[in-house]
Amino acid sequence: MEQLDALVVGAGPAGLMAAAQLVEAGKRVVVVDAKPSIGRKFLMAGKSGLNLTKDEPLEVFLNAYGEARDWLEPMLRAFGPVEVQAWANALGQEVFTGTSGRVFPKAMKTSPLLRNWLAGMDIEIRARWCWTGWDGDALTFDTPNGVQVVQPRVTVLALGGASWARLGSNGTWAEFLGVETAPFKPSNMGFLRSWSKYMEPHFGAPVKPVGLSCGGRSVKGEFVITARGVEGGGIYAVSTMLREGGDLVLDLLPDRSVEDVAARLARPRGKNSLGNHMRKVLGLKGVKAALLRELGDLPDGMDALAARIKALPLPLDGPTPLDEAISTAGGVVRDVLTPDLMLKDRAGVFCAGEMLDWEAPTGGYLLTACLATGRCAGIGAVRYLAK
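Dropping the structure here:
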């Protein structure tokens, strides 16, 4: 049985941030990961531009975490949007803020940041080490050299959620962790719908700008029509409410009032068809016009039509599969952890990142909380060793 000072299981942003705290405190750290290379989901996030955080007032930022705000707030106040930007800049990755407030490294990739981060950390990385459970206080792993048993003085688990299994997050750890976990649910995911043939020409088309409302939450954004249903940022923003059974309502013209829409529709249309009339007076065409007709016959009367355009119900058939979700809800519940994220029933074992039971929308919130919880767990592990 191998004895170690500090072991980090999971080499994503949360695990690496925990390892960084331990290294800074002068500890020898071994980081293991089940995959052949580290940071796979982190690297995947950079393929569409690495959204590190969101530049907005901290109170607004904290509210994005919904029910988990109270739990995460101390960690996010210690390492929030300002600190994330300073951290990236210190690693030689200058950041910029987009028009929506989202913050990106100028390189728009994960790899330069990850490379610089690892270069500054004296850690040992062991790939293809898959955690399989406990042997008393020790941890057992399937490795290229057979079963290995490790007994560290302190352990940080940063095992991810239950989506994108091919990148390393499959949630199987919940079966043998030995503490209470909330069931995994998809978060920031698309939704299914069986479209009529009328919509087939619009598969892949973006719907923008559009208002989306569900469960008391309303956002302005965009989404994409797919052959299976709907995807995209606007859908993700209301995905929690949709997942819990809420009904989606679209505002096809979010920059116009219902009175303005009705007045424009009431203009004389001459020999124009209703479709051409809506295109000329409202600019309503293409995929938006198709959505309007997808939901049945158009109502009689311009006031009723205006109301339909401004509040179009779009029934959906449920979320896409869990493994396809950008992130997941569920995981290790707050009650089994101390404030510094140590398991109450396993002294010296800490948890961090997406394996904790919280969720947040896309837009920088996910990555910031992973870094913040990893930092908290790492600092907690340093304090534990100091005792």
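Be aware that the sequence shown starts at 479, since it is given in this note's numbering, and climbs by one per residue.
Quick reminder that beta carbons are idealized off the backbone N, C-alpha and C, glycines included.
Just so it is clear, the structure is predicted and the values come from calculations on it, not from any experiment.
Cβ atoms of residue j and residue i: under 9 Å apart, would you say?
i	j	result
Val486	Ala497	yes
Ala784	Ala830	no
Gly711	Gly699	yes
Phe669	Pro797	yes
Phe701	Val685	yes
Glu602	Arg506	yes
Val581	Gly842	yes
Gly858	Ala636	no
Val509	Leu521	no
Pro552	Tyr714	no
Gly764	His680	yes
Asp725	Pro793	yes
Arg547	Leu540	yes
Pro431	Leu482	This structure cannot settle anything about residue 431, because the visible part of the chain is limited to 479 through 865.
Ala705	Trp673	yes
Ala789	Ser691	yes
Asn666	Ala803	yes
Gly558	Thr531	yes
Leu500	Val860	yes
Leu645	Lys513	yes
Ala568	Pro583	no
Ser805	Gly639	yes
Pro664	Pro799	yes
Relative to the C-alpha of residue i, which candidate in the options has its C-alpha closest?
i	options	result
Thr718	Val759, Arg695, Gln626, Lys584	Arg695
Gly517	Arg757, Arg606, Leu773	Arg606
Ile787	Val810, Ala807, Leu760	Leu760
Leu592	Leu540, Pro622, Lys519, Gly649	Lys519
Leu863	Thr588, Gly826, Ala847, Glu572	Gly826
Ala489	Lys766, Met833, Asn541	Met833
Arg771	Val628, Glu534, Met780, Met677	Met677
Gly689	Val538, Lys766, Glu561	Lys766
Trp612	Val736, Val628, Asp600	Val628
Val560	Val860, Ser526, Pro799, Ala850	Ala850
Glu534	Gly656, Asp775, Gly579, Leu720	Gly579
Val824	Ala616, Val697, Gly856	In the sequence as displayed, the identity of residue 824 is Arg instead of Val. For the residues Ala616, Val697, Gly856, the minimum Cα distance to Arg824 belongs to Ala616.
Pro687	Leu762, Pro664, Gly614, Gly638	Leu762
Glu480	Gly693, Ala542, Gln626	Gln626
Leu720	Arg734, Asp795, Arg604, Lys675	Asp795
Glu736	Thr577, Gly693, Met780, Val562	According to the sequence provided, residue 736 is Val. The question's Glu does not apply to it. Selected option, being the one with the closest Cα: Met780.
When the cut-off is 9 Å and only beta carbons count, does residue i lie next to chain C?
i	result
Leu728	Included in the structure is just one protein chain, with no chain C present.
Have a look at the DSSP bridge pairing and note the partners of residue i.
i	result
Thr618	Gly611, Val627
Pro583	Val573
Arg695	Cys692
Pro684	Val702
Asp786	Before going further, note that residue 786 is Arg rather than Asp in the sequence given. DSSP output for Arg786 lists no bridge partner at all.
Glu602	Val508
Asp778	Per DSSP, none; premise fails for Asp778.
Ala660	Gly809
Ala484	Val507, Val632
Met820	Phe828
Would you tell me roughly how many angstroms separate the C-alpha atoms of residue i and residue j, rounded to the nearest one?
i	j	result
Thr633	Gly544	29 Å
Glu821	Phe828	It is worth fixing the name first, because residue 821 is Leu in this sequence and not Glu. So the alpha carbons of these two residues sit roughly 6 Å apart.
Arg671	Leu743	30 Å
Cys848	Pro777	48 Å
Asn648	Pro491	16 Å
Thr610	Val810	17 Å
Lys587	Gly570	13 Å
Asp801	Ala523	15 Å
Trp836	His755	48 Å
Gly854	Arg555	Gly is not the amino acid found at residue 854; the sequence shown has Cys there. Going from the Cα of Cys854 to the Cα of Arg555 covers about 11 Å.
Glu709	Ile703	7 Å
Val716	Glu722	10 Å
Leu769	Ala652	41 Å
Asp600	Trp549	31 Å
Gly527	Asn750	45 Å
Gly682	Gly856	43 Å
Leu773	Ala782	14 Å
Arg747	Val727	28 Å
Ser641	Asn529	19 Å
Arg757	Gly598	58 Å
Would the region 609-622 count as touching the region 803-821 if we require 3 or more Cβ pairs under 8 Å? no
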